[in-house]
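K.L.:
Got a structure for you, written out below as structure tokens; questions coming shortly.
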Amino acid sequence: MSVEVKKFGELNGVEVNSYTLANNNGFVAEILNYGGIVKRLVYKGVDTVLGRDTLEEYLENNGCFSALIGRNSNRIENSEFELNGKIYKLYANNGRNNLHGGKIGFDKKVWAAEVLDGVEPSLKLSLSSPDGEEGFPGNAEVTVTYTVKNDNSLEIRYLGECDADTVFNMTNHAYFNLNGHSSGKTDDHTLWLDCDFYTPNNDECIPTGEVLSVKNTPFDFSKGAKMGDGYSSSHPQIALFGGYDHNFALNGRGYRKVGVFEGDKTGIKMEIYTDQSAVQIYSGNMIQEGRVCKDGALYEIHGGVCFETQAFPNSLKFSHFPGAILKKGEKYDTVTSYKFI
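Under the numbering used here, the first residue of the sequence shown is numbered 439, with each subsequent residue one higher.
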């Protein structure tokens with residue numbers, strides 16, 4: 439078990455570091471305190487997450503590669519919501535809608551960092567989000583702890599408190615390619631997902647409020663399926679976005695295994711565990727092709743898949759969706775893990 443700290447750059451006079459956490463099995467996570475970005479996630483010598491090389495490149499992190507997302511992940515329709523009888527206006531950074539916390543979300547913050555080196559090394563990241571930041575109410579205190587476990591999992595624990603009722607719904611936006619970050623498309627990766635229902639989107643990629651069965655659709659991963667079978671589908675929801683960018687309603691409650699992703703070339707499997715109600719699966723449909731990325735890689739559309747565990751998107755509009763409201767004095771406390779086997 440070890441933790442290595444290196445300077446990665448500076449932003450407005452504030453030092454940005456990389457923190458490399460490793461267990462005795464050679465499982466390694468390199469994390470930045472800028473955006474809480476998982477720069478590398480290495481299992482059996484294979485770096486499984488897409489990324490950039492330098493801080494300057496991450497300052498233009500199109501696609502939010504491996505960053506922490508907050509206060510709210512996903513989209514809020516029309517960049518506004520009503521809470522306790524008051525309308526809150528947010529920054530519109532995705533057409534008319536608010537996406538991933540707004541113009542300067544948690545993915546663009548330098549977090550305070552504390553190394554917890556032990557049997558299972560951890561990195562504790564903290565920040566304060568003041569009342570009115572990006573339009574959200576209340577002064578929020580946020581902590582995210584990454585832990586490299588001895589079972590070759592990366593555990594992410596999200597904690598938050600606020601002095602007023604607010605919206606709070608965090609996630610991590612890692613793009614996984616289990617054949618290696620620079621290995622090309624994920625068409626032949628397979629996915630099993632413990633899910634019977636998904637929420638279709640309108641043409642702005644926002645749930646319509648419907649909850650539909652996955653049965654006999656390319657959204658059915660209950661028996662395992664190749665990602666590419668979905669990418670090539672003529673299903674209107676797939677055609678609309680060029681792949682997956684959808685919310686899947688996960689079966690069960692509490693902390694449980696909800697999915698298994700497998701690389702066809704390496705045979706590496708990644709089990710997904712969470713206590714959240716849903717996962718947004720995004721298949722890199724808008725990856726910026728032609729841009730030189732980590733290790734000189736040129737990523738392709740469908741070159742990585744995101745498993746963004748979270749509450750239902752657009753839940754502020756639909757009362758039948760599991761919500762993303764954090765009440766004053768309550769604790770936001772949720773855990774997601776990615777376990778490699």
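Note that the Cβ used here is the ideal one computed from N, Cα and C, for glycine as well.
(1) Assuming Glu552 contacts Lys562 (C-beta within less than 8 Å), just tell me the rounded distance between them.
(2) What is the rounded straight-line gap between the Cα of Ser620 and the Cα of Leu488?
(3) Along the chain, where does the beta strand (DSSP E) containing Tyr496 start, and where does it finish?
(4) Could you pull out every residue in the same chain whose Cβ sits closer than 7 Å to the Cβ of Gly701, ignoring the five residues on either side in sequence?
(5) Here's the rule I'm using: 16 or more other beta-carbon atoms within 10 Å means buried, otherwise exposed. How should Gly705 be labelled?
(6) Please identify the residue among Leu506, Ile507, Asn532 and Ala505 whose C-alpha is closest to the C-alpha of Glu518.
(7) So who's on the other strand from His684, going by DSSP bridges?
(8) Hey, could you find the ends of the beta strand (DSSP E) Met608 is sitting in?
(9) Determine the direct distance from the alpha carbon of Gly447 to that of Phe659, and round the result to whole angstroms.
(10) According to the neighbour-count rule (16 or more other Cβ atoms, all chains shown, within 10 Å of its Cβ), is Val466 buried or exposed?
(11) Ignore the nearest five residues each way along the sequence and tell me which others in Ala550's own chain have a CB closer than 8 Å to its CB.
(12) Are the beta-carbon atoms of Asn590 and Phe745 separated by less than 7 Å?
(13) Can you pull the DSSP bridge partners for Trp549?
(14) Give the C-beta separation of Leu479 and Leu631 to the nearest angstrom, bearing in mind that I take them to be a contact with Cβ-Cβ under 8 Å.
(15) Can you give me the C-alpha to C-alpha distance between Asn512 and Gly464, rounded to a whole angstrom?
(16) Based on Cα-Cα distance, which residue from His538, Asn535, Thr624 and Lys546 lies nearest to Phe614?
(17) Taking CB distances under 7 Å as the criterion, tell me whether Phe679 reaches chain C.
(18) Do Pro656 and His684 count as a contact pair if the criterion is CB distance below 7 Å?
(19) For Gln675, does the three-state DSSP call read helix, strand or coil?
(20) Spell out the partners DSSP gives Lys703 in its beta bridges.
(21) Tell me, please, which residues DSSP counts as bridged to Asn536.
(22) For the beta strand (DSSP E) that Tyr472 lies in, which residues bound it at each end?
(23) Could you check where the alpha helix (DSSP H) with Gly666 kicks off and where it finishes?
(24) Which partner residues of Lys661 appear in the DSSP bridge assignment?
(25) Just to confirm the assignment, what range does the beta strand (DSSP E) spanning Phe635 have?
P.N.:
Straight from the coordinates:
(1) 4 Å
(2) 8 Å
(3) First-last for Tyr496: Leu493 to Tyr496, but that is the alpha helix (DSSP H), not the beta strand (DSSP E).
(4) Leu616, Asn617 and His627
(5) exposed
(6) Asn532
(7) Ile719
(8) Per DSSP, Met608 belongs to no beta strand (DSSP E) and is neither H nor E.
(9) 41 Å
(10) buried
(11) Asn471, Leu563, Ser564 and Leu565
(12) no
(13) DSSP, once it has assigned bridges, lists no residue as partnering Trp549.
(14) That belief does not hold up - the Cβ atoms of Leu479 and Leu631 are roughly 20 Å apart, past 8 Å.
(15) 33 Å
(16) Thr624
(17) Although the question refers to chain C, the structure presented lacks it and comprises just one protein chain.
(18) no
(19) helix
(20) Lys703 is not bridged to any residue.
(21) Ile514
(22) No beta strand (DSSP E) holds Tyr472; DSSP gives it neither H nor E.
(23) Met665 to Tyr669
(24) Per DSSP, none; premise fails for Lys661.
(25) Cys633 to Thr637
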